[in-house]
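Here's the structure, in C-alpha cells; my notes come after.
There are 2 protein chains.
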Amino acid sequence: MKIGLDTMGGDFAPKNEVLGAIAVLPELQKGSEIVLFGDEEQIRAVCRDNGADAAQFQIVHTTEVIDMNDHPAKAFLHKPDSSMAAGFKALSAGMIDGFAGPGNTGAMMAGIMYTIKPITGILRPCISCCYPIIDGKWGLLLDVGLNADCKPENLYQNAILGSLYAKGALNEENPRVALLNIGEEASKGNLLTKAAHDMMSRTKHFNFVGNIESNEMFTGKKADVIVCDGFVGNIVLKMAESFYRIATRQGLNTDFFNMLDYEYHGGTPVLGVNAPVIIGHGRSSPKAIKNMILTTEKTIGAKMVDRVNNIFKEATLRDIES
Amino acid sequence: MKIGLDTMGGDFAPKNEVLGAIAVLPELQKGSEIVLFGDEEQIRAVCRDNGADAAQFQIVHTTEVIDMNDHPAKAFLHKPDSSMAAGFKALSAGMIDGFAGPGNTGAMMAGIMYTIKPITGILRPCISCCYPIIDGKWGLLLDVGLNADCKPENLYQNAILGSLYAKGALNEENPRVALLNIGEEASKGNLLTKAAHDMMSRTKHFNFVGNIESNEMFTGKKADVIVCDGFVGNIVLKMAESFYRIATRQGLNTDFFNMLDYEYHGGTPVLGVNAPVIIGHGRSSPKAIKNMILTTEKTIGAKMVDRVNNIFKEATLRDIES
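Rendered as C-alpha cells:
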C-alpha cells in the first residue's frame with residue numbers, strides 16, 4: 057500500500073515530517089511505501105542532513121504550502137499546487153491508499169469535501185481517537201471534535217463507524233458500543249442522548265450496550281467504543297491529554313498515563329469518508345509523525361469504505377436513521 | 057450558625073453521617089452547631105458506640121426515610137416526617153442556616169422547589185464543584201449535573217452564581233470566569249457556547265475572560281471559575297474522579313491527584329436557591345460527611361442569597377439576560 061504524507065503543513069515542516077517518515081520505515085508492513093508531498097529540495101535536505109537515503113521515498117514535488125493561518129476552504133482552492141491539495145488529488149485518483157497530514161484541520165476537511173467526499177449515506181464524517189484502558193488495551197472515542205452540534209442520527213452513524221473501525225483496525229470481533237452519558241439508565245441524559253439512546257437501542261448495525269458514564273470509560277469493563285458529539289468528545293480528549301501532561305510533570309511514569317499521550321497514535325482518522333485520511337497536530341514531533349503513519353497504515357488495512365458500503369447496501373438510509 | 061444534616065438518606069445511614077458529624081466538631085468555627093435530622097434512637101446509638109456525647113448535637117427526631125429508590129417529587133410530599141422533609145422545613149423556617157444531605161439528589165431538588173425555592177430571577181439553580189489547580193488552589197466548575205440541556209442565559213446565570221460563590225467561599229477577590237469550550241476563539245464551539253460567549257462578552261456582572269479548553273482547566277492560568285452546561289460538567293467531574301481512582305490504584309500519591317477525590321469537599325452546593333443546600337453522594341464515608349459539613353459552613357458564610365439579590369436589585373432580569 058502507498059501511504060501519502062503532507063510534509064509541509066506542520067509547525068516544524070518539513071523537518072519533523074521527514075524525520076518521522078525516516079523513523080517509521082523499519083516498522084512498516086512488507087509492501088508499504090511512503091509518498092512524501094512537499095518541496096523536494098527541502099525534503100532531500102532533511103534526508104541528507106540525517107544520513108537517510110531519499111530514494112526510500114517517492115517524492116511528489118509541490119511549490120505551495122497551506123499553513124495554520126490559511127482560511128480552510130479558500131486555501132484549498134487557491135493553492136492547487138500545495139502539498140495538501142496534491143495529496144488529496146493523488147488520494148482521489150487512487151495513486152495513494154491513504155493520506156496523513158499534521159496540518160490545518162479545516163483545510164484537511166475542505167480537501168475531503170472537494171475530492172474524496174463523504175461516503176454516500178453518511179450525514180457527517182467524524183474524527184475518532186484511541187484512549188487507553190487500564191489493562192493496556194485501547195478503546196475508541198468518537199466524535200472528538202468535528203461536529204460540535206449533533207443530531208441523534210449523527211451519533212447513530214458515529215456508532216456504526218466506530219464499531220466498524222474497532223473491528224477493522226483494533227481487532228475487536230464484536231465491539232461493545234456505548235453512548236457517553238450522565239447516567240446509566242435510558243431515561244438519563246440531555247435531549248440529544250435520550251433520543252440517540254432510543255434509536256441505538258433498536259439497532260441491528262452494532263452491538264449497543266447502553267449508556268456509559270465518563271468514570272467507567274478507562275476501566276474497559278463496559279465498552280470498546282464510546283460515542284458522543286464532537287463538543288463533548290473534544291472536551292474529554294483534551295482533558296485526558298492534560299492528565300498525561302500533569303502526570304509527566306509530576307514524574308508519574310505508568311503505562312496508563314503514558315498511553316494518554318497524543319503522540320502514541322499521532323493522528324485521528326476521519327471516519328465516514330471515501331478514503332483513509334488522518335489528521336495530526338500542527339506541532340507534531342517526529343515520533344508523532346511516525347505513529348501517525350502507522351495509524352494511517354492500520355486505517356488503510358481496516359477497509360472502512362467497503363465495510364460502510366456493505367452496511368449501507370443492506371439498509372436504506374431511512375432504515376439506518378430510524 | 058446552625059448546620060442541618062440529614063442523617064438517614066445515605067447508603068450507610070445513619071452511621072456514616074453521625075460519625076462524620078462527630079469528627080467535624082473540633083474543626084467547626086466558634087458558634088457553629090450541628091442539627092441532626094433522623095431517628096433519634098439510632099443517632100444516639102451511633103454516638104454511644106463511638107464514645108461520643110450525643111448532647112453535642114441538636115437532634116430533630118423523624119420517623120420516615122427517603123432513600124435512593126424513592127421517586128423524588130412523590131417521596132418528598134408523601135413522607136412529610138422524613139429526615140429530609142423535616143430538614144427542609146427547618147431551613148425554610150430559618151431554624152437552621154444551611155442543610156446538607158447525602159441523599160437522593162432528585163428528592164433534594166424537590167425539597168428545594170417545595171420549600172426554599174430558587175432566588176427570584178434565577179431561571180435554573182445549578183450545582184458546582186471545586187477542582188484542584190496544580191499549584192494547590194481550587195477552581196470552581198458549574199453546572200456539574202443539574203441542567204443537562206441549557207440555554208445561553210442559563211450559562212450566563214451560572215457565571216454570575218459561580219463568580220459570587222468564588223468571592224464568598226473561595227476568597228477570590230475578582231474571580232476570572234471562563235466558558236468551557238473547544239477552542240479559544242469566540243467563533244469556536246457549539247451553538248450554545250457561541251451564543252453564551254456573545255452574551256458573556258458584554259457582561260458587567262462578572263470578570264469574563266473568554267473561552268477555556270479542558271486542557272487548560274487544571275493549570276489555573278486562565279480562570280478561577282469555569283462555566284458549562286450540566287451534561288458537559290457532569291462528564292468532566294466524573295472523569296476527574298476516575299483519574300483520582302486510577303492514580304490511587306496505581307499507587308500515585310501526589311497532592312494534585314489526591315485533591316481530585318470527591319471526599320475532599322464531600323458535597324456540591326446548590327447555587328441560585330434561597331438558602332444553602334449541599335448534596336453529597338449516597339455512598340459518602342464519614343470523611344466525606346465531615347467535609348460536606350465544612351463545605352456547608354463555608355457556603356453559609358458565602359451569603360450567596362444576599363449577593364445574588366444585590367446583583368438582581370441593580371439589574372432587571374432582562375438586563376441580565378441580554
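Protein chains in written order, with our numbering: chain A, 57 to 378; chain B, 57 to 378. For glycine and all other residues, C-beta sits at the position ideal for the given N, C-alpha and C.
query	result
Bridge partners - CYS185/A, DSSP secondary structure assignment	LEU197/A
Within chain A, the residues that ASP205/B reaches when beta carbons sit closer than 7 Å	ASN246 and LEU247
Distance cut-off 7 Å: LYS207/B Cβ against heavy atoms of the ligand SAM	Among the ligands in the structure shown, none appear at all, so the ligand SAM cannot be discussed.
7 Å CB neighbourhood of ASP67/A in its chain, flanking five on each side removed	GLY338 and ARG339
Closer than 8 Å at the beta carbon, the chain A residues around VAL288/B	PHE287, VAL288 and ILE291
Candidates GLU272/B, GLY218/B and VAL91/B, of which the one nearest GLY150/B by Cα	VAL91/B
Limits of the alpha helix (DSSP H) - the one that LYS369/B falls within	360–370
Ranges of the beta strand (DSSP E) found wholly within the stretch 63–90 of chain A, counting only runs of at least 3	none
With 16 other Cβ atoms within 10 Å as the buried cut-off, status of LEU133/A	exposed
CB of GLY323/B within 8 Å of CB of GLY201/B, strictly	no
DSSP beta-bridge partners of HIS117/A	GLY94/A
Residues of its chain near SER378/A, where Cβ-Cβ distance is below 6 Å and the 5 sequence neighbours each way are ignored	Residue placement at SER378/A is flagged as unreliable, the pLDDT there being 46, under the threshold of 50; a coordinate-derived value is accordingly withheld.
Alpha-carbon spacing of ASP317/A relative to GLY192/B, whole angstroms	24 Å
Spatial distance of ALA156/B from LEU211/B (CA atoms)	25 Å
6 Å Cβ shell around THR119/B - same chain, five flanking residues per side excluded	ASP137
GLU110/A to VAL74/A span [Cα, whole Å]	According to the sequence shown, residue 110/A is Ala rather than Glu. Looking at the two C-alpha atoms, the distance is approximately 10 Å.
Buried versus exposed call for GLN213/B [16 or more other C-beta atoms within 10 Å across all chains shown]	buried
Contact check, GLY154/B vs ALA331/B, beta carbons under 8 Å	yes
Closer than 8 Å to chain B by CB, ASN271/A	yes
Boundaries of the alpha helix (DSSP H) in which ASN210/B is found, first to last residue	208–225
Coil, strand or helix - GLY60/A by DSSP	strand
LEU235/B and GLY218/B closer than 8 Å at C-beta	no
Per DSSP, cross-strand counterpart(s) of ASN267/B	LEU235/B
Bridge-paired residues (DSSP) for LEU179/B	None; LEU179/B has no bridge partner.
DSSP state of PHE262/A mapped onto helix, strand, coil	coil
DSSP state of SER378/B mapped onto helix, strand, coil	Low local confidence applies: a pLDDT of 46 at SER378/B is under 50, so the model's placement there is unreliable, with the coordinate-based value given in what follows. Looking at SER378/B - three-state DSSP - the assignment turns out to be coil, as it is neither helix nor strand.
Under 8 Å between C-beta atoms of GLY336/B and PRO158/B	yes
Cα-Cα separation, SER88/B to ILE190/B	32 Å
Whole runs of the alpha helix (DSSP H) within the stretch 291–362 of chain B, excluding any shorter than 4 residues	311–315 and 342–357
The beta strand (DSSP E) enclosing ILE282/B, as first and last residue numbers	281–283
Contact with chain B by MET57/A, beta-carbon distance below 8 Å	no
Close Cβ partners of ALA142/A (< 7 Å) along its chain, the five nearest in sequence each way excluded	PHE93, VAL116 and THR118
Coil, strand or helix - ALA149/B by DSSP	coil
Proximity of ILE175/A and GLY286/A at Cβ, strictly below 8 Å	no
Rounded separation between THR171/B and ALA146/B - CA only	10 Å
Residue interval of the alpha helix (DSSP H) (run including ALA111/B)	Taken as a continuous stretch (DSSP letters only), ALA111/B belongs to no alpha helix (DSSP H), as it is neither H nor E.
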